[in-house]
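Chemist: Take this structure, written in structure tokens, and hold onto it; I'll ask about it next.
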Amino acid sequence: MIILQVNGVTKSFSGTDIIENVKLEVQHRDRVALVGRNGAGKSTLLKIIAGELTADSGDIIVPKGIRVGYLEQHSGLDSELTVWQEMMTVFEPLQAMERRLRALEAQMADPEVYNDPATSGRIMGEYDSLQVEFKDSGGYQYESDTRSILHGMRFFPDDYEKPVDLLSGGQKTRLALAKMLLSKPDLLILDEPTNHLDIETLSWLETYLKSYEGALLIVSHDRYFLDQVVTLVYEVSRRKVSRFTGNYSAYLDEKAKNYEKDRKLFERESSEKAKLEDFIQKNIARASTSKMAKSRRKQLERTEWMDSPDGDEKSANFSFTIDRPSGNDVLAIEKAAVGYNGNPVSANIDMRIYKQDRIAILGPNGVGKSTLLKTIVKRQELLAGEIRYGTNVQFGYYDQNQATLVGSGTVLQEIWDDWPLMNEKDIRTLLGRFLFTGDDVGKPVQSLSGGEKARLSLAKLMLEKSNTLVLDEPTNHLDLDSKEVLENALDDFPGTILFVSHDRYFINRIATKVFDLSDSGAVEYLGDYDYFVEKKAEQEELLAESLAAQQPAAAVKSKPQEVDKERQKQERRLKRAIEQSETKMAELDEQIAQLQGELVRPEYADDHVKLMELQATIDELQTDHDSLADEWLELQEEIETV
Numbered sequence: 001m002i003i004l005q006v007n008g009v010t011k012s013f014s015g016t017d018i019i020e021n022v023k024l025e026v027q028h029r030d031r032v033a034l035v036g037r038n039g040a041g042k043s044t045l046l047k048i049i050a051g052e053l054t055a056d057s058g059d060i061i062v063p064k065g066i067r068v069g070y071l072e073q074h075s076g077l078d079s080e081l082t083v084w085q086e087m088m089t090v091f092e093p094l095q096a097m098e099r100r101l102r103a104l105e106a107q108m109a110d111p112e113v114y115n116d117p118a119t120s121g122r123i124m125g126e127y128d129s130l131q132v133e134f135k136d137s138g139g140y141q142y143e144s145d146t147r148s149i150l151h152g153m154r155f156f157p158d159d160y161e162k163p164v165d166l167l168s169g170g171q172k173t174r175l176a177l178a179k180m181l182l183s184k185p186d187l188l189i190l191d192e193p194t195n196h197l198d199i200e201t202l203s204w205l206e207t208y209l210k211s212y213e214g215a216l217l218i219v220s221h222d223r224y225f226l227d228q229v230v231t232l233v234y235e236v237s238r239r240k241v242s243r244f245t246g247n248y249s250a251y252l253d254e255k256a257k258n259y260e261k262d263r264k265l266f267e268r269e270s271s272e273k274a275k276l277e278d279f280i281q282k283n284i285a286r287a288s289t290s291k292m293a294k295s296r297r298k299q300l301e302r303t304e305w306m307d308s309p310d311g312d313e314k315s316a317n318f319s320f321t322i323d324r325p326s327g328n329d330v331l332a333i334e335k336a337a338v339g340y341n342g343n344p345v346s347a348n349i350d351m352r353i354y355k356q357d358r359i360a361i362l363g364p365n366g367v368g369k370s371t372l373l374k375t376i377v378k379r380q381e382l383l384a385g386e387i388r389y390g391t392n393v394q395f396g397y398y399d400q401n402q403a404t405l406v407g408s409g410t411v412l413q414e415i416w417d418d419w420p421l422m423n424e425k426d427i428r429t430l431l432g433r434f435l436f437t438g439d440d441v442g443k444p445v446q447s448l449s450g451g452e453k454a455r456l457s458l459a460k461l462m463l464e465k466s467n468t469l470v471l472d473e474p475t476n477h478l479d480l481d482s483k484e485v486l487e488n489a490l491d492d493f494p495g496t497i498l499f500v501s502h503d504r505y506f507i508n509r510i511a512t513k514v515f516d517l518s519d520s521g522a523v524e525y526l527g528d529y530d531y532f533v534e535k536k537a538e539q540e541e542l543l544a545e546s547l548a549a550q551q552p553a554a555a556v557k558s559k560p561q562e563v564d565k566e567r568q569k570q571e572r573r574l575k576r577a578i579e580q581s582e583t584k585m586a587e588l589d590e591q592i593a594q595l596q597g598e599l600v601r602p603e604y605a606d607d608h609v610k611l612m613e614l615q616a617t618i619d620e621l622q623t624d625h626d627s628l629a630d631e632w633l634e635l636q637e638e639i640e641t642v
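So for the sequence shown, the UniProt record's numbering puts the first residue at 1; every next one is plus one.
Written as structure tokens, this is what we have:
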């Protein structure tokens with residue numbers, strides 16, 4: 001079933017086309033990625049689909065009854081409600097239904113209703129149909145679903161009563177995503193949903209979206225995330241949209257094949273075009289061949305020659321060099337504590353960093369990863385412990401918030417203020433390598449986009465020629481092409497790299513060591529991100545085995561496989577219990593419906609004793625039904641913890 005069609009959509013700003021004659025289709029349960037460079041028009045297209053922008057021409061077709069949910073990039077919740085209250089606003093129709101059910105129950109318990117068969121029959125009929133609708137709409141599980149999604153987004157019971165207004169910007173963004181997931185639209189449109197998510201939350205979101213009942217349309221620069229989730233890719237490039245089947249890696253492979261094919265075809269056409277032009281030039285003025293030359297000229301004008309597959313899209317081009325190498329020992333951190341205003345967020349940190357190490361620092365949000373980097377480069381005070389620096393260590397620091405961009409002038413002045421001896425031509429050449437050309441160098445720094453600020457920060461970092469790069473989320477705001485350029489530059493860097501990143505593809509590409517930071521210290525892993533995940537899983541298995549071995553001798557010692565079998569056995573038991581509860585509730589619903597039908601039979605109209613007996617039986621069955629519903633909710637909560 002097609003739930004979205006985009007037919008011939010064109011949009012321009014100030015006379016410049018952003019997208020042109022775009023065609024796109026999403027079917028039920030499709031997982032679609034929209035990729036392209038910054039400024040290609042991805043977010044513009046999403047806003048047109050979501051109805052927040054109007055297209056200059058073309059149609060957006062969404063079938064009647066299809067609900068579309070759109071989460072904009074950098075969006076967050078502003079609310080005076082608590083976290084839990086804000087989430088419950090998603091279920092206001094269900095809560096209204098629940099209040100109506102309670103009101104109908106109160107009416108049915110009223111003795112006067114028993115004496116009015118017409119009224120009691122109407123009430124019971126409404127109650128029966130409403131109860132079925134309530135159950136089918138998830139009325140018995142919406143609170144459980146809410147707790148599950150909040151937990152996945154790193155909101156725990158202690159957070160439920162916190163006012164939304166007091167949350168940080170990142171927390172508000174995560175809460176907005178949680179609320180959108182709870183609303184379960186038929187088409188879920190997400191613009192950069194992985195921003196502000198730590199790796200653990202990213203993994204949970206990937207798992208959740210894989211089993212999402214509706215369709216997904218996602219813009220993201222997280223290649224690892226796209227590979228895990230999407231099965232279709234639409235590329236926005238040069239105002240057009242092209243369709244590719246498969247995940248992001250499959251799209252790259254297919255694009256590379258298409259590029260080679262198009263390049264050969266373009267070279268062949270260019271050769272043919274050059275021959276035609278050469279023939280026309282040589283023969284147009286000669287009387288004997290002029291007619292033939294004019295014929296060739298018409299052929300040249302009629303032919304639709306293909307554009308170069310390279311197009312007019314340029315890539316940044318830079319590398320990092322060093323003035324002089326550091327000593328072999330770069331950093332020694334012992335029993336360090338880092339934090340703000342005397343309050344540590346992480347303590348007992350021990351790290352050894354050596355020349356040409358590529359170290360990724362991982363850990364949950366709020367554990368102090370960025371704080372540790374700032375402390376190392378002396379932008380933050382060390383609370384306890386010691387940091388010893390090696391010989392000739394020169395730090396180049398990249399701040400994820402671009403705090404190193406201190407000027408209030410233009411892009412050109414930002415470089416010139418720090419390197420006043422450089423001439424303007426050299427600065428313009430440098431900035432051109434970072435895609436600042438022509439009038440771009442005169443843009444005020446404060447008006448730059450996130451991607452432009454990131455490229456300018458990298459330009460300044462390159463000029464420093466430091467032998468130790470300390471990078472805090474360097475891939476934030478960069479499009480996929482710029483990320484690859486940065487990775488290539490770091491691959492060739494002859495010095496030491498210490499970085500924080502949530503981009504798992506980037507970590508795999510760059511890191512040779514991983515430090516897993518917690519509030520009680522840092523654990524070293526000698527490998528990339530995939531190695532780190534594998535070793536963590538092994539450690540969890542060993543821990544489970546150790547805990548099993550510590551059980552009393554009378555207890556059966558379980559191996560990891562047996563622990564897993566026991567978990568599966570418990571899960572099967574709970575699922576059976578849930579199914580039995582649902583079956584019993586369905587049987588009770590049927591019995592209640594039959595008895596309610598008895599209540600309105602004409603022969604019982606004046607038999608008040610019979611009516612009272614029937615109503616008493618209905619009340620008893622309803623009590624059993626409510627008890628089973630409570631039991632069902634407890635089982636749902638229990639299975640989530642298995």
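Note that beta-carbon positions come from the ideal geometry of N, C-alpha and C, so glycine has one too.
Expressed to the nearest angstrom, what Euclidean distance is found between the alpha-carbon atoms of L456 and T404?
Modeler: Those two C-alpha atoms are separated by around 10 Å.
Chemist: Helix, strand or coil: how does DSSP classify F434 here?
Modeler: Residue state, collapsed to three classes: coil.
Chemist: Who are M351's beta bridge partners in DSSP?
Modeler: Partner(s): I333.
Chemist: Within the same chain, show all residues whose beta-carbon is closer than 6 Å to that of Q27, passing over the 5 residues directly before and after it, in chain order.
Modeler: Once the five neighbours on either side are set aside, the close Cβ partners of Q27 are I2.
Chemist: One question on the structure: do T496 and T475 come within less than 8 Å of each other, judged by their Cβ atoms?
Modeler: No, these two residues do not count as a Cβ contact at 8 Å.
Chemist: State the Cα-Cα distance for the pair I218 and S326, rounded to the nearest angstrom.
Modeler: Each residue's alpha carbon lies about 43 Å from the other.
Chemist: What three-state label does DSSP hand G214 in the structure shown?
Modeler: It is coil, neither helix nor strand.
Chemist: To the nearest angstrom, how far is the alpha carbon of N419 from that of L431?
Modeler: Reading off the sequence shown, one finds Trp at residue 419, where the question assumed Asn. Whole-angstrom Cα-Cα distance: 13 Å.
Chemist: Residue range of the alpha helix (DSSP H) that R223 falls in?
Modeler: Residues R223 to V229.
Chemist: So for R37, helix, strand or coil by DSSP?
Modeler: Looking at R37 - three-state DSSP - the assignment turns out to be coil, as it is neither helix nor strand.
Chemist: Return the CA-CA distance between G246 and E98, expressed in angstroms with no decimal places.
Modeler: So the two alpha carbons sit approximately 43 Å from each other.
Chemist: Helix, strand or coil for E524 per DSSP?
Modeler: It is a strand residue.
Chemist: What residue from V164, V533, L300 and E620 has the CA that sits closest to S203's CA?
Modeler: Taking only the C-alpha atoms, the option nearest S203 is V533.
Chemist: Provide the residue(s) that pair with R388 in DSSP beta bridges, ordered along the chain.
Modeler: In the DSSP output, where bridge partners are listed per residue, R388 has A332.
Chemist: Expressed to the nearest angstrom, what Euclidean distance is found between the alpha-carbon atoms of Y208 and M124?
Modeler: Between Y208 and M124, the C-alpha separation is close to 39 Å.
Chemist: Does DSSP put P344 in a helix, in a strand, or in coil?
Modeler: P344 falls in the strand class under three-state DSSP.
Chemist: Rounding to the nearest angstrom, what Cα-Cα distance links D630 and K135 in this structure?
Modeler: For D630 and K135, the distance between alpha carbons rounds to 13 Å.
Chemist: Residues bridged to K11 by DSSP?
Modeler: DSSP output for K11 lists I19 as bridge partner(s).
Chemist: Mark Q402 as exposed unless 16 or more other C-beta atoms lie within 10 angstroms of its C-beta, in which case mark it buried.
Modeler: Q402 comes out buried.
Chemist: Enumerate in chain order the residues of its own chain whose CB-to-CB distance from L633 is below 8 Å, with the five nearest sequence positions on each side excluded.
Modeler: Correct list, in chain order: Y140, Q141, E143 and S144.
Chemist: Starting from K240, follow its DSSP beta bridges and name the residues at the other end.
Modeler: According to DSSP, which records beta bridges pairwise, K240 is partnered with S237.
Chemist: For the beta strand (DSSP E) that L478 lies in, which residues bound it at each end?
Modeler: Taken as a continuous stretch (DSSP letters only), L478 belongs to no beta strand (DSSP E), as it is neither H nor E.
Chemist: Give me the Cα-Cα distance between F434 and G396, rounded to the nearest whole angstrom.
Modeler: Going by the C-alpha atoms only, they are around 18 Å apart.
Chemist: Just how far apart, CA to CA, sit Q73 and E277?
Modeler: Going by the C-alpha atoms only, they are around 50 Å apart.
Chemist: What does the Cβ neighbour count give for V500, buried or exposed, with the cut at 16 atoms within 10 Å?
Modeler: By the 10 Å Cβ count, V500 comes out buried.
Chemist: So, A176 versus G76, is the Cβ gap smaller than 8 Å?
Modeler: The answer is yes: Cβ separation under 8 Å.
Chemist: For the beta strand (DSSP E) containing T119, name the first residue and the last one.
Modeler: No beta strand (DSSP E) contains T119, which is instead part of the alpha helix (DSSP H) from P117 to D136.
Chemist: Output the distance between the C-alpha atoms of S295 and N283, rounded to the nearest integer angstrom.
Modeler: Cα to Cα, the separation comes out at about 11 Å.
Chemist: For the beta strand (DSSP E) that contains Y398, what are its first and last residues?
Modeler: Run containing Y398: F395 to Y398, per the beta strand (DSSP E) assignment.
Chemist: Counting C-beta neighbours from all protein chains within 10 Å, is the total for G36 16 or more, i.e. buried, or is it exposed?
Modeler: Buried.
Chemist: Do you know offhand how far N508's Cα is from K483's?
Modeler: Their backbone Cα atoms lie some 13 Å apart in a straight line.
Chemist: Pull up the CB-CB distance for G214 and D253, whole angstroms please, since I reckon it's below 8 Å.
Modeler: Going by Cβ atoms, the distance from G214 to D253 rounds to 28 Å, so no, they are not a contact pair.
Chemist: Taking its Cβ as the centre, do 16 or more other Cβ atoms sit within 10 Å of H608, making it buried, or is it exposed?
Modeler: H608 comes out exposed.
Chemist: Between the Cα of E80 and those of D528, F91 and D165, spot the shortest distance and give me the residue it belongs to.
Modeler: Closest by alpha carbon: D165.
Chemist: What are the boundary residues of the alpha helix (DSSP H) that includes I49?
Modeler: Counting along the chain, the alpha helix (DSSP H) containing I49 begins and ends at K42 to A50.
Chemist: Quick one: is A40 buried, meaning 16 or more other Cβ sit within 10 Å of its Cβ, or exposed?
Modeler: It is buried - the Cβ of A40 has at least 16 other Cβ atoms within 10 Å.
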